[in-house]
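S.K.:
2 protein chains.
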Amino acid sequence: MTEIATASLHTHRFADRADGYHPSPVREVFEVSMQPNMISLAGGNPDLTGLPIGQIADMAHTVISEHGLDALQYGSGAGTPELQALITQIMAVEGITAQPENVQVTSGSQMGLELITKLFCNPGDVILAEGPTYVGALGTFEGLQADIVQVAMDDKGLVPELLSTTIDSLKAAGKTIKFLYTIPNFNNPAGTTLAVERRQQIVDICRSENVAIVEDNPYGLLSFDGSYTAALHTLDPENVIYLGSFSKIFSPGLRVGWVLAPEEVRRRLQLAAEATTICPSVLSQMLVESYITGFDWRQHVREACLVYAKRCDAVMTALAEFMPAGTTWTKPSGGFFTWITLPEGISTDALLQPAIASGVVFVPGSAFFAHPAGENQLRVAFSFETEESLREGVRRLGAAMKTLR
Amino acid sequence: MTEIATASLHTHRFADRADGYHPSPVREVFEVSMQPNMISLAGGNPDLTGLPIGQIADMAHTVISEHGLDALQYGSGAGTPELQALITQIMAVEGITAQPENVQVTSGSQMGLELITKLFCNPGDVILAEGPTYVGALGTFEGLQADIVQVAMDDKGLVPELLSTTIDSLKAAGKTIKFLYTIPNFNNPAGTTLAVERRQQIVDICRSENVAIVEDNPYGLLSFDGSYTAALHTLDPENVIYLGSFSKIFSPGLRVGWVLAPEEVRRRLQLAAEATTICPSVLSQMLVESYITGFDWRQHVREACLVYAKRCDAVMTALAEFMPAGTTWTKPSGGFFTWITLPEGISTDALLQPAIASGVVFVPGSAFFAHPAGENQLRVAFSFETEESLREGVRRLGAAMKTLR
Chain A
296 MTEIATASLH THRFADRADG YHPSPVREVF EVSMQPNMIS LAGGNPDLTG LPIGQIADMA
356 HTVISEHGLD ALQYGSGAGT PELQALITQI MAVEGITAQP ENVQVTSGSQ MGLELITKLF
416 CNPGDVILAE GPTYVGALGT FEGLQADIVQ VAMDDKGLVP ELLSTTIDSL KAAGKTIKFL
476 YTIPNFNNPA GTTLAVERRQ QIVDICRSEN VAIVEDNPYG LLSFDGSYTA ALHTLDPENV
536 IYLGSFSKIF SPGLRVGWVL APEEVRRRLQ LAAEATTICP SVLSQMLVES YITGFDWRQH
596 VREACLVYAK RCDAVMTALA EFMPAGTTWT KPSGGFFTWI TLPEGISTDA LLQPAIASGV
656 VFVPGSAFFA HPAGENQLRV AFSFETEESL REGVRRLGAA MKTLR
Chain B
296 MTEIATASLH THRFADRADG YHPSPVREVF EVSMQPNMIS LAGGNPDLTG LPIGQIADMA
356 HTVISEHGLD ALQYGSGAGT PELQALITQI MAVEGITAQP ENVQVTSGSQ MGLELITKLF
416 CNPGDVILAE GPTYVGALGT FEGLQADIVQ VAMDDKGLVP ELLSTTIDSL KAAGKTIKFL
476 YTIPNFNNPA GTTLAVERRQ QIVDICRSEN VAIVEDNPYG LLSFDGSYTA ALHTLDPENV
536 IYLGSFSKIF SPGLRVGWVL APEEVRRRLQ LAAEATTICP SVLSQMLVES YITGFDWRQH
596 VREACLVYAK RCDAVMTALA EFMPAGTTWT KPSGGFFTWI TLPEGISTDA LLQPAIASGV
656 VFVPGSAFFA HPAGENQLRV AFSFETEESL REGVRRLGAA MKTLR
């Protein structure tokens, strides 16, 4: 009785945007992942077992012992100047030329995405995105009441012609398009990478149509063969706002990401950031600085990528063995994910409960679309489980499919 | 030329709410604070010199050595269960009875405030606040396009009769009031504490008028004499949403705060939080856990309060000596701030530059109001500078006033 009264006391006061913060099946999936003996093909957690834990502990000790009064105090809303400078060096690996003052440090790149959406999008403004796209981006966009329009990909990533025709028809319908949100490298969830020959085309389309590009690139350095593709930002630094993250190349638990943006945008992002968290954690930033300057982080990334490559291989082999005829999947050359398309008529939403009962959990394809789609698709993450577990997980998935039919 | 082109490229795309993220004179003040030989009466930084830095360094080493794979990984969007439970113990000091599952951990309590505003306020909805109020809250409210209406305080805090008449006239004008934002203890910037006899009145008014209360209480444990006042939350746990913070009792650099809210509200706050930062820093949370369980944090707070009490005394004495006749100021019994009212006709905005030229910086009164007010008022923070510096700062302030007239 009291609980009902309490709920109605507040819920009728909620803003319109509260509807965008709705519970999702994905949340349930992540909770199920914690169950003992459950194999999770769901979460995009990085493998941290290769990190030099002892050295990081020593670094934390040194940072606090020698700079504790700074590390534990409020800091600049833009981030520490030292980290801003280091971030430009990291981006230089992918060909980006940037000034430290154009870097806004955030509490993870999710926050960068949230700030950008807040800064650019009125309710009803259109955000273009790949179909499928990052489920967390959908949550942010929906919470801020943007209208999400997804453009199909093929195995070379976003299709420029479809982007053009989508923009044309939106404009014909009188819509205001604010930006294209894209994950060009080792896309989450698709596992595909935007082909080099399409990059200039997409940048040109967006520039001529007056649509900004938000390039989300947490996986760019995680290629299996050590090669890097030049970021979209290198092709149009003025029109491309770039999101980077330490979550996949170092640690997500520190919550440190960044936005690279032209000065007027970066300055506003800082004001919006200060209104959200005052400043990023100074200790987290100083730990990242210590790690990047005091450790061969690129070697760690290379070693982690070898692990991910083997895990990806294990999944590819298992899929060939255990998936029903007619199933297809993407062949990632980096990152954490492959995207699986089952034969028509198999619903991955319906598959989820039997799969969980069989001891494996995944994220159904529908989670990666703002509107109904992806019914017979699903994402498999190979970043966190061992090769043996991944194989067993795919086997359980195949077994669950048989019970479904 | 390029810079101008870049600015216009993006600025015409900004959302309406971007106007709310405007540069403020306060930002300039905080930058000036960093200048050598500048005495800052501006910032509300806690004094950290009493912290056991060596022990905290050891704790960080232990957390990472023993739990690194958890501390550096993604965590729960609600916060760690251990910290949720510890936070209920901290709130119990002020008489609050709470369940861990009603605690939402945030990246500082600023983020809690932002999430609450996002969840409750459509553009144009009214937020009631004290006049003056926390400048950072104004930034959050303005960014989310709420309509801020401030209610005057006297030396016993918010005046219940004025709250009632303000609500009446807003309702008569057809306005939708979502919540009262209040800092009842050692108010920032006023330095006053809401009298006990007014607390039930204010809680009753809000309940009967169907207005939620957002109780922001970062300073509640920082009384000079060690006494605590029961939180508003204790008087109406259903209608009061409570914000707490480790920034003033431990460390702001870790960015750990919390919201205590009824279940339906807390659940939505978690969804909004996940759309903003995915999860709070796990390392920061585990460090707070170590500190609270492994160290006599209440003794540290008591000792810090003795320092703050002496600094407050030094400011009181200096004000009596150096301020012009007709000046009044509040007499805080805790917290970080005193609020000064100069004789009519002295503009503290105009005073700022001469003061900076004299080597002292403060925040002018106008910063603490959403609409023009506070012209002859200013905030003095006594939390961070030494007694000697505070005295010298007030002396410089008095000298600067003479040049003004």
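So the sequence lines, in the order shown, correspond to chains A and B. The opening residue of the first sequence carries number 296 in this note's numbering; numbering runs sequentially from there. The opening residue of the second sequence carries number 296 in this note's numbering; numbering runs sequentially from there. Note that beta-carbon positions come from the ideal geometry of N, C-alpha and C, so glycine has one too.
1. How about residue 310 (chain A): is its C-beta nearer than 8 Å to some C-beta of chain B?
2. Go through its chain and collect everything with a Cβ distance to residue 533 (chain A)'s Cβ below 7 Å, but skip five positions before and after it.
3. Given that residue 567 (chain A) touches chain B, what residues does it touch there, using C-beta distances under 7 Å?
4. Give the single residue among A:340, A:651, A:686 whose Cα lies nearest to the Cα of residue 330 (chain A).
5. Output needed in chain order: residues of the region 400-426 of chain A with a Cβ under 8 Å from some Cβ in chain B.
6. To the nearest angstrom, how far is it from the Cα of residue 639 (chain B) to the Cα of residue 671 (chain B)?
7. Measure the C-alpha to C-alpha separation of residue 643 (chain B) and residue 322 (chain A) and round it to an integer number of angstroms.
8. Where does residue 310 (chain B) fall in DSSP's three states?
9. When you compare only the Cα positions, how much space is there between residue 676 (chain A) and residue 336 (chain A)?
10. I'd like to know whether the C-beta atoms of residue 610 (chain B) and residue 633 (chain B) end up nearer to each other than 8 Å.
11. Taking its Cβ as the centre, do 16 or more other Cβ atoms sit within 10 Å of residue 569 (chain B), making it buried, or is it exposed?
12. Can you give me the Cβ contacts of residue 415 (chain B) inside the same chain, cut-off strictly under 8 Å, excluding the 5 residues immediately before and after it?
13. Using a 10 Å radius around the Cβ and a threshold of 16 neighbouring Cβ atoms, would you call residue 420 (chain B) buried or exposed?
14. Residue 542 (chain A) to residue 484 (chain A), Cα distance in whole Å?
15. Applying the criterion that 16 or more other CB atoms from any shown protein chain within 10 Å of the CB defines a buried residue, is residue 298 (chain A) buried or exposed?
16. Taking 7 Å as the limit between beta carbons, can you name the residues of its chain near residue 334 (chain A), skipping five residues before and five after?
17. Pull out every residue of the region 359-384 of chain B whose Cβ sits closer than 8 Å to any Cβ of chain A, in chain order.
18. Which residue from A:395, A:424, A:596 puts its Cα closest to that of residue 382 (chain A)?
19. Report yes if the CB atom of residue 476 (chain A) is closer than 8 Å to the CB atom of residue 442 (chain A), and no otherwise.
20. Suppose the cutoff is 7 Å on Cβ atoms and the five residues either side in sequence are ignored; what does the same chain contact list for residue 645 (chain A) look like?
21. With DSSP as the reference, label residue 604 (chain A) as helix, strand or coil.
22. Anyone know if the C-beta pair for residue 370 (chain B) and residue 529 (chain B) falls short of 8 Å?
23. Can you confirm whether residue 306 (chain A), when its beta carbon is compared against all beta carbons of chain B, has any partner nearer than 8 Å?
24. Nearest-angstrom Cα distance between residue 307 (chain B) and residue 579 (chain B)?
25. Could you check if residue 388 (chain A) is buried or exposed, using at least 16 other CB atoms within 10 Å of its CB as the buried criterion?
26. Any C-beta of chain B within less than 9 Å: which residues of the region 535-560 of chain A qualify?
27. Pick out whichever of A:328, A:552, A:339, A:355 has its Cα sitting closest to the Cα of residue 430 (chain A).
28. Under 7 Å Cβ-Cβ, which residues of chain A neighbour residue 572 (chain B)?
29. Applying a beta-carbon distance threshold of less than 8 Å, which residues of chain B neighbour residue 356 (chain A)?
30. Candidates B:375, B:341, B:479, B:465: which alpha carbon is nearest residue 575 (chain B)'s?
31. Contact between the region 451-462 of chain A and the region 489-506 of chain A: three or more CB pairs below 8 Å?
32. Taking beta-carbon pairs under 7 Å, can you tell me which members of the region 456-476 of chain B lie near chain A?
33. Would residue 392 (chain A) count as contacting chain B if we go by Cβ distances under 8 Å?
34. With a Cβ-Cβ cutoff of 8 Å, do residue 412 (chain A) and residue 436 (chain A) count as a contact?
35. In the structure shown, what three-state DSSP assignment does residue 558 (chain B) receive?
36. How is residue 672 (chain A) classed by DSSP in three states: helix, strand or coil?
M.R.: The answer reads as follows:
1. For residue 310 (chain A), a Cβ of chain B is located within less than 8 Å of the residue's own Cβ.
2. Counting only Cβ-Cβ distances below 7 Å, and skipping sequence neighbours, we find 557.
3. 316, 438
4. A:651
5. Answer set for the region 400-426 of chain A: 402, 403, 405, 406, 409, 413, 414, 415, 416, 417, 420.
6. Answer to the nearest angstrom: the Cα atoms are 6 Å apart.
7. Cα to Cα, the separation comes out at about 51 Å.
8. coil
9. 5 Å
10. yes
11. buried
12. Closer than 8 Å at Cβ, skipping near neighbours: 473, 474, 507.
13. buried
14. 16 Å
15. For residue 298 (chain A), the predicted structure reports a pLDDT of 45, less than 50, and the residue's modelled location is therefore unreliable. The matter cannot be settled from this model.
16. Here the set comprises 654, 655, 680, 684, 687, 688, 691.
17. 359, 360, 363, 364, 365, 366, 367, 368, 369, 370
18. For the residues A:395, A:424, A:596, the minimum Cα distance to residue 382 (chain A) belongs to A:395.
19. no
20. Here the set comprises 699.
21. Reduced to three states, the DSSP call for residue 604 (chain A) is helix.
22. Taking the C-beta atoms as reference points, residue 529 (chain B) is found no nearer than 8 Å to residue 370 (chain B).
23. yes
24. Residue 307 (chain B) and residue 579 (chain B): Cα-Cα distance of roughly 39 Å.
25. exposed
26. 536, 542, 545, 546, 547, 548, 549, 550, 551, 556, 557, 558, 559, 560
27. A:339
28. Ordered by position in chain A, the residues that pass the 7 Å Cβ test against residue 572 (chain B) are 402, 403, 405, 406, 550.
29. Here the neighbours are 352, 353, 355, 356.
30. B:375
31. Cβ pair count under 8 Å is three or more, so yes.
32. Look at the region 456-476 of chain B: the residues with a C-beta under 7 Å from a C-beta of chain A are 473.
33. The C-beta of residue 392 (chain A) comes no closer than 8 Å to any C-beta of chain B.
34. Yes, these two residues count as a Cβ contact at 8 Å.
35. helix
36. The DSSP-derived three-state label of residue 672 (chain A) is strand.
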